[in-house]
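Notes follow once the structure below has been shown.
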Amino acid sequence: MDTTKKKVGRRTSPIESSQEEVAINKSATTEAKPKKTKTTTKKKTTAPSSQEVVMETESEVETSTTTTTTTSATTSSQTNGTPSPSIQSIPTTPISKYIPSLSQMGTPLSPNRAAQRLREKDELSLIHQRLKSSLKKLESTEIELEKKNQELEEIDQKHTLTINKLKQRSDQFERQLLEEQNQNSDLTSNFNILDNELKTKESSWKKEKDEMLSKFQESINKLNQENSLVQSQLKADIVTKEYEIEGLKTEINRLKDDLQYRVREGEDKSRKLLENEYSRFKIKEDEYHQLISSKDDEIKKIKLELKEKEKSSNAMNKKENELNNLIQAHERQIEDIRDSINREWELKAAQMMEEHHSRTIHLQQAVDSFNEEKERIKSQMDTLNGQIEDLNIKNNEYEDKVKEMNVLLSQKDNSIGELSVEIEELKKKLRKQLADLKSKDGQISLLQIEINTKDNKCNTLQTETNRLKSELYSITNQIDPEIPLDPEINSLKELVKGFEKTVDDRKRKRSKLQHEFNAVANQDQNGMIVEETLQTTSTTTSSDNGSSASHLNNIDSSNLPTGPEQSELFNPGTVSFSLIDSTQEFIRLSVHGDMDEGLSISKWRLIVVKPDGSKAGFSFPDGIQPFKGIKSVTVWTGRQRPQGTPTENEFYWSRQELWTSPVEGTIVKLVSPSEETTTVTLPVDGIYQKPSASGKSNCLIM
53 MDTTKKKVGR RTSPIESSQE EVAINKSATT EAKPKKTKTT TKKKTTAPSS QEVVMETESE
113 VETSTTTTTT TSATTSSQTN GTPSPSIQSI PTTPISKYIP SLSQMGTPLS PNRAAQRLRE
173 KDELSLIHQR LKSSLKKLES TEIELEKKNQ ELEEIDQKHT LTINKLKQRS DQFERQLLEE
233 QNQNSDLTSN FNILDNELKT KESSWKKEKD EMLSKFQESI NKLNQENSLV QSQLKADIVT
293 KEYEIEGLKT EINRLKDDLQ YRVREGEDKS RKLLENEYSR FKIKEDEYHQ LISSKDDEIK
353 KIKLELKEKE KSSNAMNKKE NELNNLIQAH ERQIEDIRDS INREWELKAA QMMEEHHSRT
413 IHLQQAVDSF NEEKERIKSQ MDTLNGQIED LNIKNNEYED KVKEMNVLLS QKDNSIGELS
473 VEIEELKKKL RKQLADLKSK DGQISLLQIE INTKDNKCNT LQTETNRLKS ELYSITNQID
533 PEIPLDPEIN SLKELVKGFE KTVDDRKRKR SKLQHEFNAV ANQDQNGMIV EETLQTTSTT
593 TSSDNGSSAS HLNNIDSSNL PTGPEQSELF NPGTVSFSLI DSTQEFIRLS VHGDMDEGLS
653 ISKWRLIVVK PDGSKAGFSF PDGIQPFKGI KSVTVWTGRQ RPQGTPTENE FYWSRQELWT
713 SPVEGTIVKL VSPSEETTTV TLPVDGIYQK PSASGKSNCL IM
């Protein structure tokens, strides 16, 4: 303040001297006209008083300086009687509208001008403080916005991680379901094969049983006939002998009683022996019937066991061979028994015809032989019973295995049910998370609205800063260089530049966030299931004064898949060609299925029309499960389906020489069950690739 007072004092001295000179020159005129001078002095004395009032109301700080300058101006004007040069019109500037005192400023050399310059300096300091406060507020708002953006990014990353985990789990469950379905299909096919084999074996068993029964009946009938013939022959022989004995009664009266007694004894013995033999044969027949019934029961048991043994076809074949061998052995034994019986009866008949007395001896020998045969048959029956017990043990083992397999199947069915329940729960969680994401999208939109309002405020502040800059520029054109305002103006310029830089950086960040938000919204609307891995990298952007580091996380393009699930727009209910490669001999389709019902390509057809007019077609089989979302289906041509390797979404067209040269001009058609949908013509290289949404073709890595 002292320096300003000194400067003002030095300025007022030349003005006062000039005013005194003017007063001396006009002294003569003032003496001739005293009245006019009085009036002029009165008028001019009123002017400085009004100036003093205005100056006091505008600034209370520098009243002392203004009073000194105005009083000196009034004294000089009263003594000289001339109007003061301080009351002049100055050019109006934008700041003069807001500061009324600028309209009352004088020339650059007037004392009022210096005081006004000092006031402007104070006002500039106030503006500087206001700008600092506004910048601090903006910085605090920016920090809050950055914190909110970081929180949103963390929430988005967490949700993306959880969604990716849930997607991976759902994919694993789907794969497990597919494997279980394949296993169930294999088991059903094996079951059908075994069922057919069992039916054929049952028919063969029935035929063999009928043959055995017929053979047994024939053998029994033959034995009955032989027994009846032997009995008739014996009766005839006895009658003849009796007639001979009666004719020779006169000759052998002495021996009649003896002969009759012996004949009766022989007849009784023969009858007893025949009855015993007949009863023995009856017992054997009953035993054979029991054996047949037991064999039938065993066959029934074996049939039931064969029905239960679905996966033991090789072992059952061996058992069947063993049983066939046993049956053949039984048949051979029966034939041997029949032959032995026939031989014995023939020997007996010959012996009875030859010698009546040696009949008893032969009958005893026959009884002994029958006992030996009985023992042999018993030993054979024991061996057969041992074999049957072994078979029963093996059957029990196979029954245990079948029970274990049934338990495993039930466990797998339970696991499939649990997996389906878990998949439903995961779907519910996904729906909840999608709803949460939608709510968060609403919150993000509200935050975006707040950001837009703050941007509008920033724009208004920027317009105000521009206006202040223009006013400062106009003021700098009017300011005297002796007053040191340049540092403050430079600081204001630096503040304005920093403010503009922060606004530009915030706009860049907001545009990037808006771009990412739009991308995420498009992915949610399309319902695409995209597995992305986020990597945090920093991108540098150049501004007017330098480069500013961005805080966004970029997605690594090398980790993104190149299949149709990620590169195409989701169009539900459509099937199109994704890639046709005649050199590798495959056709790849892109199937877009609804997320609720899906899309099945059963009964869809592929038609290849060669340049020479020949055609070849491929039809997709029935029973293909509907595809949900975007899936790629590959059709391999010129090869058979590999055995023992699971193929997912792959089909095999065994047509050979489908892509013979020339390939150029070959037409490939995709036909739905109702109409033709897509037609593609192959170029010279024989490779067709569907263009992406941006117009560039996506490279498929095989």
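Residue numbers (my numbering): 53 to 754. Note that CB positions come from ideal geometry on N, CA and C, so glycine has one too.
Where the beta strand (DSSP E) containing residue i begins and where it ends
i: K721; result: 719 to 723
i: T689; result: 681 to 689
i: Q741; result: 739 to 741
i: W705; result: 702 to 705
i: D664; result: Taken as a continuous stretch (DSSP letters only), D664 belongs to no beta strand (DSSP E), as it is neither H nor E.
i: I641; result: Correcting the residue type first, residue 641 is Leu in the shown sequence and not Ile. 638 to 645 is the span of the beta strand (DSSP E), which, as asked, contains L641.
i: D674; result: Segment: none, D674 is in no beta strand (DSSP E) and carries neither H nor E.
i: V627; result: 626 to 633
Assigned exposure category for residue i - 16 Cβ within 10 Å defines buried
i: E357; result: buried
i: E83; result: Any reading at E83 must be qualified, since the residue scores a pLDDT of 44, below 50, and its modelled position is unreliable; the value itself is stated next. Under this definition E83 is an exposed residue.
i: N447; result: buried
i: T144; result: Unreliable placement is indicated for T144, whose pLDDT of 46 sits below 50; no coordinate value is reported for it.
i: N164; result: buried
i: R558; result: buried
i: T214; result: exposed
i: R306; result: exposed
i: R691; result: exposed
i: A487; result: exposed
i: Y740; result: buried
i: Q277; result: exposed
i: I503; result: buried
i: K336; result: buried
i: A288; result: exposed
i: T517; result: buried
Supposed contact pair residue j and residue i - C-beta distance, whole angstroms, cut 8 angstroms
i: I632; j: L658; result: No, I632 and L658 are not in contact; Cβ-Cβ is about 10 angstroms, not under 8 angstroms.
i: K742; j: S628; result: 7 angstroms
i: E427; j: S392; result: With 8 angstroms as the limit, E427 and S392 do not qualify as a contact, their Cβ atoms being about 14 angstroms apart.
i: N279; j: Y330; result: 7 angstroms
i: L378; j: Q439; result: 7 angstroms
i: L478; j: R227; result: L478 to R227, Cβ: 14 angstroms. No contact.
i: H211; j: Q485; result: 7 angstroms
i: V555; j: C510; result: 5 angstroms
Reference residue i, options the options, closest by Cα
i: Q233; options: Q385, S472, L651; result: S472
i: S271; options: N394, V627, K545, E296; result: N394
i: T712; options: K721, E637, D208; result: E637
i: M264; options: G645, L524, Y330, N376; result: N376
i: E700; options: T733, L326, L229, L722; result: L229
i: K188; options: G550, S630, N623; result: G550
i: S684; options: D208, M647, L641, L651; result: L641
i: L513; options: L170, S177, S185, A166; result: S185
i: K217; options: K481, K492, E502; result: K481
i: V687; options: G675, Q495, S630; result: S630
i: R707; options: R693, P694, T689, V723; result: T689
i: L176; options: N437, K545, D493, E206; result: K545
i: K492; options: N201, L178, A166; result: N201
i: E231; options: L286, I290, S563, I468; result: I468
i: I429; options: E407, E474, H382, Y450; result: H382
i: I682; options: W705, E709, L651; result: L651
Same chain only: Cβ atoms within 7 angstroms of residue i, ignoring 5 sequence neighbours per side
i: P735; result: E716
i: K355; result: E254
i: T626; result: H644
i: G738; result: S634, T635, W711, V715
i: P663; result: P714, G717, T718
i: F672; result: I653, S654, K655, W656, F703
i: T731; result: I719, K721
i: S462; result: none
Own chain, CB closer than 8 angstroms to residue i, minus 5 neighbours either side, in chain order
i: G669; result: R657, L658, I659, V660
i: D442; result: none
i: D420; result: none
i: Q417; result: none
Contacts around residue i, its chain only, beta-carbon distance under 6 angstroms, and the 5 residues preceding and following it disregarded
i: I25; result: Lying outside 53 to 754, the shown extent of the chain, residue 25 is not represented and no answer is given.
i: P725; result: K655
i: E387; result: none
i: K453; result: none
Residue-chain proximity (residue i, chain C), Cβ-Cβ < 9 angstroms
i: S497; result: In summary, chain C is missing from the structure at hand, where a single protein chain is found.
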